[in-house]
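**Student:** In this text, residue positions in the sequence shown follow the numbering used here: the first is 356, and each later residue adds one. One structure follows; several queries about it will come next.
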Amino acid sequence: MSLNYLIVQIARWSCDPPSRGISLATGRKWKENRQFTIKALARLGVADRSVESRIVREVDSLLSVMATVDSHLFNPAVICSCIANVMCDIIFGRRYAHDDPEMMKYVAEMQEGFVLMAHLGILNFLPALRHLPMTRKPLARLNVTKAAAHSFFANHVREHMATFDPENIRDFIDTYLEEARKRAQVDANCNLLEDDYVLHLVGDLFGSGFVTTAHTIIWGLLYMSRHGDVQRRVQAEIGEQIGEGRAPNLADMSELPYTVAVVHEVLRFKTVAPLGVPHANTKDLVVRGYHIPKGTFIMPLLHAVHHSEMHWKNPTEFDPTNFLDSDGRLKIPSAFMPFSSGKRICPGGQLAMYETFLFLASILQRFTVTLPEGAPVPDLIGKLGVTLAPPTFDLLITAR
Ligand code: HEM
């Protein structure tokens, strides 16, 4: 087979009828979209860690908000805007002010969409229920939030198409436009630039990447406020290895095993994607004597794996030492799978780790977080949507 033939074949696959985005796509289109996304994220700084500067900019903006908080009561929900901004920077090359009305509306709608999706999960089993008023209304609302998100993305795509410069690739959308143009050169029928492929891809990336990570960081702060001993140990480690003269960076991760273990323990203990994403088996299977016919709807219960006594010594306790060996070095048990496992494992896991580490380490270097005295203890169970959302709560923050 000649190289040219192969290139034309690849281009033809790329222009198949839409199986859009990644999360809900299957087959060849999923594979291509996924490979493209992994390469693009690597190129935009996940591989060489230069993405750090995009994260640090948001950490700094959060720390300046925290430094000016009146009466020292701080609502960590603002972290959602910070993480949304990291994604905006990677995808569109821009950030928004925390109180920007467009951004606030979009962040709220995205979170609402996640809750609606979980409520409508029953339609996966019983699609006919979509005609009932109890599902018709949320379904209509979900479509409104999706349309709003797509129009937000479409504005950015139009702007990028008008200003595209192949010599200056700025972000994920530029990387996509560059790839689409390359493919159009080998296949005149390639329609990647004309339809809404990119909107679905960007929607998946944004949707999967921002709520999950923001919720993990907020859970992390809540557990730090509940476990003063763990918080003090993190602060002591940061004090010994970094001191006060500079902020933590990604190169410090190897010198801060306890802090990194805390990040892992938050991801285990409050598994923010507790039900993973639904899968289906591509052939008949027998598992422990049960026959599972091809095409069965399978929910991977990641929360159950993370709370099984088979794998963890005290699964119901928040205990960062789950991730340390007897010499205090980082150890990652094979049952740790917040990003799932296998061919569809989350392609943003590394980025999420970087963000969670930089936010938690930088906040705890500068502040001690506690729950205000006398305030009711926040609900530690969380609200189950597509993610396990933390409750709304205030933290008392004290500069160190
Ligand atoms: C704490 C943060 C995160 C958690 C816990 C998380 C978790 C997950 C899980 C459990 C899946 C399902 C995998 C499967 O189908 O078995 C997934 C898929 C996915 N995640 Fe993440 N994720 C996080 C952050 C991110 C970030 C930052 C990005 C983007 C940069 C991202 C992009 C995606 C995409 C595109 C998929 C679909 C993959 C596919 O179907 O091939 N995620 N994630």
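Just so it is clear, CB atoms sit at the ideal spot from N, CA and C, and this is done for glycine as well.
So, under 8 Å CB-CB, Val433 and Arg409 are touching, yes? Tell me the CB distance rounded to an integer number of Å.
**Tutor:** Within the sequence shown, the letter at position 78 stands for residue 433. Within the sequence shown, the letter at position 54 stands for residue 409. 18 Å between Cβ atoms; not a contact.
**Student:** Which runs of the alpha helix (DSSP H) spanning at least 4 residues fall entirely within the region 649–733, listed in chain order?
**Tutor:** Segments of the alpha helix (DSSP H) lying fully in the region 649–733: 657–661, 704–721.
**Student:** Along the chain, where does the beta strand (DSSP E) containing Val642 start, and where does it finish?
**Tutor:** Translated into positions along the sequence shown, residue 642 becomes position 287. Here the beta strand (DSSP E) through Val642 covers 640–642.
**Student:** To the nearest angstrom, report how far apart Phe694 and Gly704 are at their CA atoms.
**Tutor:** Here residue 694 is taken as the residue at index 339 of the sequence shown, counted from 1. Here residue 704 is taken as the residue at index 349 of the sequence shown, counted from 1. C-alpha separation (whole angstroms): 6 Å.
**Student:** The ligand HEM and Arg699: does the residue's C-beta get closer than 7 Å to at least one heavy atom of that ligand?
**Tutor:** Against the sequence shown, residue 699 aligns to sequence position 344. Yes, the Cβ of Arg699 comes within 7 Å of a heavy atom of the ligand HEM.
**Student:** Buried or exposed: which applies to Thr671, given that a residue is buried once 16 or more other Cβ atoms fall within 10 Å of its Cβ?
**Tutor:** Residue numbering aside, residue 671 sits at position 316 when the sequence shown is read from its first letter. Classification for Thr671: exposed.
**Student:** What residue range does the alpha helix (DSSP H) around Leu418 cover?
**Tutor:** Stepping through the sequence shown from its first residue, residue 418 is reached at position 63. Unbroken alpha helix (DSSP H) run through Leu418: 407–422.
**Student:** Could you pull the start and end residues of the beta strand (DSSP E) that Ala754 belongs to?
**Tutor:** Here residue 754 refers to the residue found at position 399 of the sequence shown. Per DSSP, Ala754 belongs to the beta strand (DSSP E) from 750–754.
**Student:** Would Val724 and Ile700 be called neighbours here (beta carbons separated by less than 8 Å)?
**Tutor:** Stepping through the sequence shown from its first residue, residue 724 is reached at position 369. Stepping through the sequence shown from its first residue, residue 700 is reached at position 345. Going by C-beta atoms, Val724 is not nearer than 8 Å to Ile700.
**Student:** Using only the heavy atoms of the ligand HEM, determine whether one of them is closer than 7 Å to the beta carbon of Leu706.
**Tutor:** Translated into positions along the sequence shown, residue 706 becomes position 351. Leu706: yes, Cβ under 7 Å from the ligand HEM.
**Student:** Could you pull out every residue in the same chain whose Cβ sits closer than 7 Å to the Cβ of Leu484, ignoring the five residues on either side in sequence?
**Tutor:** Here residue 484 refers to the residue found at position 129 of the sequence shown. Excluding sequence neighbours, Leu484 sits near Ile477, Leu478, Thr490.
**Student:** Spell out the partners DSSP gives His634 in its beta bridges.
**Tutor:** Counted from its first residue, the sequence shown places residue 634 at position 279. DSSP output for His634 lists Ile653 as bridge partner(s).
**Student:** Less than 8 Å between the CB atoms is what I'm expecting for Ala439 and Met458, so what's the real figure, rounded?
**Tutor:** Numbered from 1 along the sequence shown, position 84 holds the residue referred to as residue 439. Numbered from 1 along the sequence shown, position 103 holds the residue referred to as residue 458. Confirmed, Cβ separation roughly 7 Å.
**Student:** How long is the line joining the alpha carbons of Tyr531 and Val553, rounded to whole angstroms?
**Tutor:** The count along the sequence shown starts at 1 and reaches residue 531 at position 176. The count along the sequence shown starts at 1 and reaches residue 553 at position 198. Whole-angstrom Cα-Cα distance: 8 Å.
**Student:** Contact check, Phe469 vs Val566 under 8 Å by CB: the rounded distance?
**Tutor:** Reading the sequence shown from its first residue, position 114 is the one you call residue 469. Reading the sequence shown from its first residue, position 211 is the one you call residue 566. The pair is a contact, with the Cβ atoms about 6 Å apart (cut-off 8 Å).
**Student:** Look at the alpha carbon of Ala659 and the alpha carbon of Pro629, and state the distance between them as a whole number of angstroms.
**Tutor:** The sequence position of residue 659 within the sequence shown is 304, counting from 1. The sequence position of residue 629 within the sequence shown is 274, counting from 1. When rounded, the distance between both Cα atoms is 8 Å.
**Student:** Which of helix, strand or coil does DSSP assign to Ile647?
**Tutor:** As a working note, residue 647 is residue 292 in the sequence shown. Ile647 falls in the strand class under three-state DSSP.
**Student:** Using the C-alpha atoms, what's the distance from Trp574 back to Glu464?
**Tutor:** Reading the sequence shown from its first residue, position 109 is the one you call residue 464. Reading the sequence shown from its first residue, position 219 is the one you call residue 574. Spanning the two alpha carbons is a distance of roughly 21 Å.
**Student:** Can at least three beta-carbon pairs, one atom from the region 730–739 and one from the region 400–415, be found at a separation below 8 Å?
**Tutor:** The region 730–739, when compared against the region 400–415, does not touch it at the 8 Å Cβ threshold.
**Student:** Put Ala452 into one of helix, strand or coil per three-state DSSP.
**Tutor:** In the sequence shown, residue 452 corresponds to position 97, counting from 1. Of the three classes helix, strand and coil, the one that applies to Ala452 here is coil, per DSSP.
**Student:** Pair every Cβ in the region 615–635 with every Cβ in the region 679–688, then say whether three or more of these pairs are closer than 8 Å.
**Tutor:** Yes: at least three Cβ pairs fall under 8 Å.
**Student:** Any heavy atom of the ligand HEM closer than 7 Å to the CB of Ala463?
**Tutor:** For the purposes of this step, residue 463 is taken as the residue at position 108 of the sequence shown. Checking every heavy atom of the ligand HEM against the Cβ of Ala463, none is found closer than 7 Å.
**Student:** What distance in whole Å lies between the Cβ atoms of Ala473 and Leu739, which are believed to be in contact at a cut-off of 8 Å?
**Tutor:** Within the sequence shown, the letter at position 384 stands for residue 739. Within the sequence shown, the letter at position 118 stands for residue 473. With a Cβ gap of about 6 Å, Leu739 and Ala473 count as contacting.
**Student:** Can you check DSSP and say which residues form a bridge with Leu743?
**Tutor:** By one-based count along the sequence shown, residue 743 stands at place 388. Paired residues: Leu739.
**Student:** Going by C-alpha to C-alpha distance, which of Arg375, Val406, Ser378, Ala395 sits closest to Leu706?
**Tutor:** As a position in the sequence shown, residue 706 is number 351, starting the count at 1. Of the listed residues, the one whose Cα sits closest to Leu706 is Val406.
**Student:** Assuming Leu713 contacts Pro603 (C-beta within less than 8 Å), just tell me the rounded distance between them.
**Tutor:** Working through the sequence shown from its first residue, we reach residue 713 at position 358. Working through the sequence shown from its first residue, we reach residue 603 at position 248. Their Cβ separation, rounded to whole angstroms, is 7 Å, which keeps Leu713 and Pro603 in contact under 8 Å.
**Student:** Exposed or buried, Asn388, counting other C-beta atoms within 10 Å across all chains shown (16 or more means buried)?
**Tutor:** The residue labelled residue 388 in the question sits at position 33 within the sequence shown. Label assigned to Asn388: buried.
**Student:** Touching or not, the region 661–671 and the region 510–517, by the rule of three or more beta carbon pairs under 8 Å?
**Tutor:** No: fewer than three Cβ pairs fall under 8 Å.
**Student:** CB-CB under 6 Å to Ser717, same chain, minus the five flanking residues each way: which ones, in chain order?
**Tutor:** If you number the sequence shown from 1, residue 717 lands on position 362. For Ser717, where only same-chain residues beyond five positions count, the Cβ hits under 6 Å are Val414, Ala602, Pro603.
**Student:** Under the assumption that Glu789 contacts Ile524 (Cβ atoms under 8 Å), give the Cβ distance between them as a whole number of angstroms.
**Tutor:** Any question about residue 789 goes unanswered here, given that the chain covers just 356 to 755.
**Student:** Who does Leu428 pair with in a DSSP beta bridge?
**Tutor:** For the purposes of this step, residue 428 is taken as the residue at position 73 of the sequence shown. Per DSSP, Leu751.
**Student:** Just confirm the distance between the C-beta atoms of Leu428 and Asp734, as a whole number of angstroms; I'd bet it's less than 8 Å.
**Tutor:** As a position in the sequence shown, residue 428 is number 73, starting the count at 1. As a position in the sequence shown, residue 734 is number 379, starting the count at 1. Not quite, the Cβ-Cβ distance comes to about 18 Å (not below 8 Å), so this is no contact.
**Student:** Using CA coordinates, which residue listed in Met516, Thr571, Ile393 is at the minimum distance from Gly737?
**Tutor:** For the purposes of this step, residue 737 is taken as residue 382 along the sequence shown, with counting starting at 1. Measuring from the Cα of Gly737, the nearest candidate turns out to be Thr571.
**Student:** The alpha helix (DSSP H) with Ser580 in it runs from where to where?
**Tutor:** Sequence index remark: in the sequence shown, residue 580 carries index 225 (1-based). Unbroken alpha helix (DSSP H) run through Ser580: 552–581.
**Student:** List the whole-angstrom C-beta distance separating Met708 from Val589, where the pair is believed to meet the contact cut-off of C-beta under 8 Å.
**Tutor:** Translated into positions along the sequence shown, residue 708 becomes position 353. Translated into positions along the sequence shown, residue 589 becomes position 234. Met708 to Val589, Cβ: 16 Å. No contact.
**Student:** Where do the N-terminal and C-terminal ends of the alpha helix (DSSP H) with Ser506 fall, by residue?
**Tutor:** Translated into the one-based positions of the sequence shown, residue 506 becomes position 151. Here the alpha helix (DSSP H) through Ser506 covers 488–518.
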